[in-house]
Amino acid sequence: MKIFVPMDSAAKAVGADEVVAALRAAAPDAEIVRTGSRGMVWLEPLVEVEISGVRHGYGPATPEDAAAILDGTSAKALGPVEDLDWMKRQTRLTFARVGVIDPLSLQDYEAHGGLAGLRRALGMTGQEIVDEVKASGLRGRGGAGFPTGIKWQTVHDAPCDPGARKYVVCNADEGDSGTFADRMVMEGDPFTLIEGMVIAGLGVGAEQGYVYLRSEYPDAIKVMRRAVEIARASGVLGRDVLGSGRAFDMEIRVGAGAYVCGEETSLLNSLEGQRGVVRAKPPLPALEGFLGRPTVVNNVISLATVPVIFEKGAQAYADFGLGRSRGTVTLQIAGNVARGGLFETAFGITLDEVVNDLGGGSASGHPVKAVQVGGPLGAYLPVSKFDARLGYEELDAEGGLLGHAGLVVFDDSADMLGMARFAMEFCAIESCGKCTPCRIGAVRGVETIDRIAAGDLDAAPLLADLCETMKEGSLCALGGFTPLPVMSALTHFPGDFARVREAAE
Amino acid sequence: MPDPAIDTAEIDEIIQAHLHLEGPLLPILHALQDAFGCVPAAAHVPVAEALNITRAELHGVLSFYHDFRAAPAGRHVLKICRAEACQSVGGTALAEATLARLGLDWHGTTTNGAVTVEPVYCLGLCACAPAVMLGDRVVGRVDAARMDSLLAEAGA
Ligand SMILES: Cc1cc2nc3c(=O)[nH]c(=O)nc-3n(C[C@H](O)[C@H](O)[C@H](O)COP(=O)(O)O)c2cc1C
Ligand code: SF4
Ligand code: FES
Chain A
1 MKIFVPMDSA AKAVGADEVV AALRAAAPDA EIVRTGSRGM VWLEPLVEVE
51 ISGVRHGYGP ATPEDAAAIL DGTSAKALGP VEDLDWMKRQ TRLTFARVGV
101 IDPLSLQDYE AHGGLAGLRR ALGMTGQEIV DEVKASGLRG RGGAGFPTGI
151 KWQTVHDAPC DPGARKYVVC NADEGDSGTF ADRMVMEGDP FTLIEGMVIA
201 GLGVGAEQGY VYLRSEYPDA IKVMRRAVEI ARASGVLGRD VLGSGRAFDM
251 EIRVGAGAYV CGEETSLLNS LEGQRGVVRA KPPLPALEGF LGRPTVVNNV
301 ISLATVPVIF EKGAQAYADF GLGRSRGTVT LQIAGNVARG GLFETAFGIT
351 LDEVVNDLGG GSASGHPVKA VQVGGPLGAY LPVSKFDARL GYEELDAEGG
401 LLGHAGLVVF DDSADMLGMA RFAMEFCAIE SCGKCTPCRI GAVRGVETID
451 RIAAGDLDAA PLLADLCETM KEGSLCALGG FTPLPVMSAL THFPGDFARV
501 REAAE
Chain B
1 MPDPAIDTAE IDEIIQAHLH LEGPLLPILH ALQDAFGCVP AAAHVPVAEA
51 LNITRAELHG VLSFYHDFRA APAGRHVLKI CRAEACQSVG GTALAEATLA
101 RLGLDWHGTT TNGAVTVEPV YCLGLCACAP AVMLGDRVVG RVDAARMDSL
151 LAEAGA
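Residue numbers (the numbering used here), protein chains in the order written: chain A, 1 to 505; chain B, 1 to 156.
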């Protein structure tokens, strides 16, 4: 009997290890494979039992369910996992193997299409590799949506002193609340990130890579470190990548709990061992990045998507999507939502479909009030904006920000003044300190919102002015975009900012 | 005051083990903290000398990052997520009740030295919020009862 149970940290956080212990005790001879998560977090721990080659799901499982799952009588039976609505409606390209394979089995990885992209890339020149990425339309999934192929071109073309090197740096800082796609790939299919980084190295002429991984992800750190060792021992990494004579190696580096270190130049400073202060651009990291050398900095999902682009071809990837947002978006549906998790689909799906249809509305059963899209620097969108389509330009036109594609759902108990205050407080805590409008402005922002809460009528225009100053006078998006959640809350939910005044009247 | 529990030979060993890296400072600080529970003051001079940076620069780095401690935490560190997804399902109330019950503020340690409570901004468990981490162990869908059993387990 073959059983699959995720070792993804979301599954572990809701008891997957305890379920595995119960299954082991009840069926000592069964083969239990730990996998990544399918992304249906509301069903975790999701146990899958293989019956005549088809994986049947049971969830959310508890240790007490073990016996009934094993004898097939469990009331938590969901049927074949691939036939579930959530699975059938997805286009899983980046996440094709996540939840399916043993994350640390290179054999499993290859059997499911892994390394095919790298093998193809090894037969191409650097320029051909860069062109393929350009043709795919892939844009950075870390937040800014910058075309990946163009970034790679800059690094490819960058002059490099003899003996000096170029670098590929993966941004795995994933600090945005409401996001976990990077974590799920690293825990569930680490070789795909490694393969993507090797292809990036071949494309731009870099032989060394770093993954800057946040310290809040101990499980992902362990899996990635082990995967790098395995890849090195199997010749996927090292002096002679898959016997090609080409070299690429990489290391996992751990962050130290600073949100701003997700900003690429702050990240590079941190990697160099300095304070994670943001650098002024230019120079672009592509030209003067890690240790002043040409460096590709890309998000985990951007890099983890590269292998499938090379496996299936750029056009096959670009065929998905909407407008200038090509390919798939890895939505992370979170917060007060009945069905939360990871859902990969072509760009262009509406907010309404994501929140109400896929997500099933709020977890509490109360009406949905708002969704924050794009992390702590993203806008709070009211239900009246739920027709918005999820694409970079499309969301921007609605005053929103797609960012890393996390969506946090709030029900009608949410206090939007409190959320605006939190956005300012977060900015104050995490500011790198370089710009006054961010460092001091955010502190003033908290005070100003407190004045509004106390019924001070004059404070609202002050808040708007302050946000304008932060927007104009900040070097990076932490100070520059914190006004987005704040002002969207104020604009779309004025009632939450007037409550005390009304009570006083 | 030099701490007798701090072994300077071990400090030197940790530093030496990382000097071949490009950008060795953060890996050294993490390794020191793993070994001693903090970045001990006794390590400041050797680290600064080995990397050819000033003590002021080292201090600047140590104070910039939330992770690095000057003194060890309690036996267990409980990180409670304060970020938006956790707030959307009652995370703020859970955090406040926990701090009140322990009589602590953020970063505080229980008088018996069992638990230090730290804020954290997202653990990537936003679809099974509210989320906390006890040591390296992640816990999701935390309610009052779950928190009680975690605290009991940690000896708070
Ligand atoms: C305050 C701040 C935090 C950021 N955090 C992250 C992060 O955690 N992960 C990430 O990939 N990009 C983050 N970014 C965006 C990066 O600066 C950069 O655009 C990205 O890593 C580039 O990779 P991509 O083109 O593949 O998206 C952040 C930006 C800012 C301003
Ligand atoms: S906006 Fe804030 S975080 Fe960004 S560079 Fe300026 S001070 Fe630093
Ligand atoms: S917001 Fe709390 S785990 Fe992400």
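All residues carry an ideal CB built from backbone N, CA and C; glycine is no exception.
Alpha carbon of residue i to alpha carbon of residue j, nearest angstrom
| i | j | result |
| --- | --- | --- |
| F36(B) | E153(B) | 23 Å |
| C38(B) | R69(B) | 5 Å |
| T110(B) | I6(B) | 24 Å |
| V41(A) | V20(A) | 17 Å |
| G137(A) | P147(A) | 7 Å |
| R389(A) | G327(A) | 14 Å |
| R165(A) | A206(A) | 7 Å |
| L19(B) | G273(A) | 12 Å |
| T295(A) | Y212(A) | 13 Å |
| E394(A) | D240(A) | 44 Å |
| T92(B) | A100(B) | 12 Å |
| D219(A) | D182(A) | 12 Å |
| V373(A) | R421(A) | 17 Å |
| N299(A) | E174(A) | 9 Å |
| D148(B) | T98(B) | 9 Å |
| C432(A) | I230(A) | 37 Å |
| A227(A) | V89(B) | 35 Å |
Buried or exposed by the 16-neighbour rule on C-beta atoms within 10 Å, applied to residue i
| i | result |
| --- | --- |
| I179(A) | For clarity, residue 179(A) is Thr in the given sequence; the question names Ile instead. Under this definition T179(A) is a buried residue. |
| T54(B) | exposed |
| Q90(A) | buried |
| S384(A) | exposed |
| P437(A) | buried |
| L193(A) | buried |
| G124(B) | buried |
| H76(B) | buried |
| D189(A) | buried |
| T8(B) | exposed |
| T448(A) | buried |
| W152(A) | buried |
| A41(B) | exposed |
| G341(A) | buried |
| L457(A) | exposed |
| Q107(A) | exposed |
| S52(A) | exposed |
Nearest-angstrom Cβ-Cβ length linking residue i and residue j, presumed shorter than 8 Å
| i | j | result |
| --- | --- | --- |
| P367(A) | D411(A) | 7 Å |
| G289(A) | L303(A) | G289(A) to L303(A), Cβ: 15 Å. No contact. |
| G126(A) | L202(A) | 7 Å |
| L331(A) | F343(A) | 5 Å |
| L78(A) | L84(A) | 6 Å |
| A258(A) | F64(B) | 7 Å |
| L475(A) | A286(A) | So it is not a contact: roughly 18 Å between Cβ atoms. |
Candidates the options, of which the one nearest residue i by Cα
| i | options | result |
| --- | --- | --- |
| Q208(A) | D189(A), C170(A), V14(A), K434(A) | C170(A) |
| H30(B) | P461(A), R253(A), L475(A) | R253(A) |
| G99(A) | I429(A), P6(A), L490(A), G243(A) | P6(A) |
| M124(A) | F310(A), A172(A), L402(A) | F310(A) |
| A71(B) | V117(B), E22(B), Q33(B) | Q33(B) |
| S244(A) | V198(A), V260(A), P307(A), P494(A) | V198(A) |
| E31(A) | R38(A), E50(A), E18(A) | E50(A) |
| G113(B) | P119(B), Y121(B), L102(B) | L102(B) |
| P60(A) | D29(A), A27(A), A11(A), A22(A) | A11(A) |
| A95(B) | I80(B), A85(B), E84(B) | I80(B) |
| V329(A) | F320(A), A442(A), R439(A), D65(A) | F320(A) |
| L466(A) | F481(A), R444(A), D458(A) | R444(A) |
| P45(A) | Q87(B), L62(B), G140(B) | G140(B) |
| A314(A) | A498(A), A121(A), F497(A) | A121(A) |
| L93(A) | D108(A), F248(A), Y317(A), D387(A) | Y317(A) |
Check: residue i C-beta below 6 Å from any heavy atom of ligand 5
| i | result |
| --- | --- |
| A477(A) | Because ligand 5 does not appear in the structure shown, any question about it cannot be addressed here, the ligands present being ligand 1, ligand 2 and ligand 3. |
Contact list for residue i against chain D, beta-carbon separation under 7 Å
| i | result |
| --- | --- |
| G257(A) | The structure shown contains no chain D; its protein chains are A and B. |
- Task: Starting from the N-terminal side, write out each stretch of the alpha helix (DSSP H) that is 4 residues or longer and does not extend beyond the region 156-195 of chain A.
- Result: 181-188
- Item | 4 or more residues per run - each alpha helix (DSSP H) lying fully within the region 68-101 of chain A | 85-88
- Message: Suppose only complete runs of 4+ residues qualify. What are the alpha helix (DSSP H) ranges in the region 16-99 of chain B, listed by chain order?
- Response: 25-36, 44-51, 55-64, 84-87
- Any alpha helix (DSSP H) of 4 or more consecutive residues that is wholly inside the region 11-68 of chain A: 16-26
- Item | 4-residue-minimum alpha helix (DSSP H) runs that sit fully inside the region 466-496 of chain A, ordered along the chain | 477-481, 483-492
- Message: What ranges does the beta strand (DSSP E) occupy inside the region 203-288 of chain A, keeping only unbroken runs of at least 3 residues that lie completely in it?
- Response: 208-213, 249-254
- Message: So within the region 356-415 of chain A, which uninterrupted alpha helix (DSSP H) runs reach at least 4 residues, ignoring any that extend past its ends?
- Response: 392-397
- Item | Whole alpha helix (DSSP H) elements within the region 288-368 of chain A, 4-residue minimum | 300-312, 314-318
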